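Take 1 as the starting number for the sequence shown in UniProt numbering and just add one per residue.
Where is the CB? At the ideal position from N, CA and C, for every residue including glycine.
As the structure is a prediction and not an experimental result, all values here were calculated from the model.
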Amino acid sequence: MIWIILRKRGQMPFGNKWINYLTLLVSVIMLFGSASRNAISGFIVFSLCYLFMVLRESKIGQRVRFFVECTIAIIVVLFFSYGLTGLSFSDLLNQSNRETLLEVALPTFLKSGRMVVGLGLASNEIYGLNQTPYKTYWLDNSYIYVLITSGYLGCVFYVIMTIILFVGLNRVANHALRKIFLSLAIMYMYSAMFETTLFWAGVMQNYIYMIIFLVALSGCFNNPSSDNNIQNISSNNVKK
Numbered sequence: 001m002i003w004i005i006l007r008k009r010g011q012m013p014f015g016n017k018w019i020n021y022l023t024l025l026v027s028v029i030m031l032f033g034s035a036s037r038n039a040i041s042g043f044i045v046f047s048l049c050y051l052f053m054v055l056r057e058s059k060i061g062q063r064v065r066f067f068v069e070c071t072i073a074i075i076v077v078l079f080f081s082y083g084l085t086g087l088s089f090s091d092l093l094n095q096s097n098r099e100t101l102l103e104v105a106l107p108t109f110l111k112s113g114r115m116v117v118g119l120g121l122a123s124n125e126i127y128g129l130n131q132t133p134y135k136t137y138w139l140d141n142s143y144i145y146v147l148i149t150s151g152y153l154g155c156v157f158y159v160i161m162t163i164i165l166f167v168g169l170n171r172v173a174n175h176a177l178r179k180i181f182l183s184l185a186i187m188y189m190y191s192a193m194f195e196t197t198l199f200w201a202g203v204m205q206n207y208i209y210m211i212i213f214l215v216a217l218s219g220c221f222n223n224p225s226s227d228n229n230i231q232n233i234s235s236n237n238v239k240k
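Take a look at the structure:
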């Protein structure tokens, strides 16, 4: 993501473009080598969202655009129907042990009488090991985790933060960066369905994504002088 953002801003870290492409290739290989369904599918979601936004602003014919958009829609349907392993969505839930979210965690929450304020804010590990008075098992879904731990009030707070995030990113003046940020935010929300990562400080990826989001929301990319300052600093470092 950082590589893509730097490329759109014309501030690549290395002068030789082949080194940059090699770095990107290694990153993609490491991504697929991780064998993480969430990470790989998140990358696919990001790519499809970005492609869709590029098509919406392109000058190609409407028929060609409609055909490509329908193709993307079919890919998305097939992707969610069979996933990356050829298994159905229900089979993936069973194999990943996430069916306990619907069979144990949510019924426990609804029977607790604490729907407004939730069962209490604690890490996913504590809930997963059933170290609370409530039997929930692992809450490997950010949205269910927020609902169970902070209740309806917490959900309202998270919805407000999500709206602020997307509204702010949509106001980024740089069109190329805006598409990247919005696609990244959609991927971030998608990944949160399979792990407890949504606005959670204990996750390594948030120390990257949240910094990118906060810088974008601060209006840094809307200020042309910031690009000039960065370019001047880079040129001075090269001269030294």
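Proximity winner among Ile144, Thr23, Ala39, Ser218, relative to Leu184 (alpha-carbon distances)
Ala39
Taking C-beta to C-beta, are Ser142 and Ala192 nearer than 8 Å?
yes
From Leu182, Met115, Ile208, Phe194, residue whose alpha carbon lies closest to that of Ser150
Met115
Three or more C-beta pairs closer than 8 Å, one from the stretch 129-137 and one from the stretch 99-106: is that the case here?
yes
Compare the beta carbon distance of Thr196 and Gln205 with 8 Å and say whether it is the shorter of the two.
no
Please classify Ile60: does DSSP put it in a helix, a strand, or coil?
coil
Under a Cβ-count criterion, where at least 16 other Cβ atoms within 10 Å of its own Cβ denotes burial, should Phe213 be classed as buried or exposed?
buried
Cβ-based neighbour list, Leu147, same chain, cut-off 6 Å, excluding 5 preceding and 5 following
Cys155
What three-state label does DSSP hand Tyr134 in the structure shown?
coil
Burial state of Leu139, where buried means 16 or more other Cβ atoms lie within 10 Å:
buried
Taking the CB atoms as reference points, tell me whether Ala201 and Gly168 lie closer together than 8 Å.
no
Three-way DSSP call (helix, strand, coil) for Arg65 in this model:
helix
Among Leu110, Tyr145, Cys49, which residue has its Cα nearest to the Cα of Ile126?
Tyr145
When Thr100, Met189, Tyr21 are compared against Cys49, the one with the closest alpha-carbon
Met189
What would DSSP say about Asn141, mapped onto helix, strand or coil?
coil
Whole angstroms are fine: how far does the CA of Arg63 sit from the CA of Asn229?
Caution is warranted here: a pLDDT of 46 is assigned to Asn229, below 50, making its placement in the model unreliable, and the coordinate value is therefore given only provisionally. About 44 Å.
If you draw a straight line from the alpha carbon of Ile180 to that of Val172, how long is it in whole angstroms?
10 Å
Is Leu177 helix, strand or coil by DSSP?
helix
Would you give the residue range spanned by the alpha helix (DSSP H) that Thr108 belongs to?
106-111
Between the Cα of His175 and the Cα atoms of Met53, Leu24, Ser41, which residue gives the shortest distance?
Met53
Using only the alpha-carbon positions, how far apart do Phe46 and Phe66 sit?
20 Å
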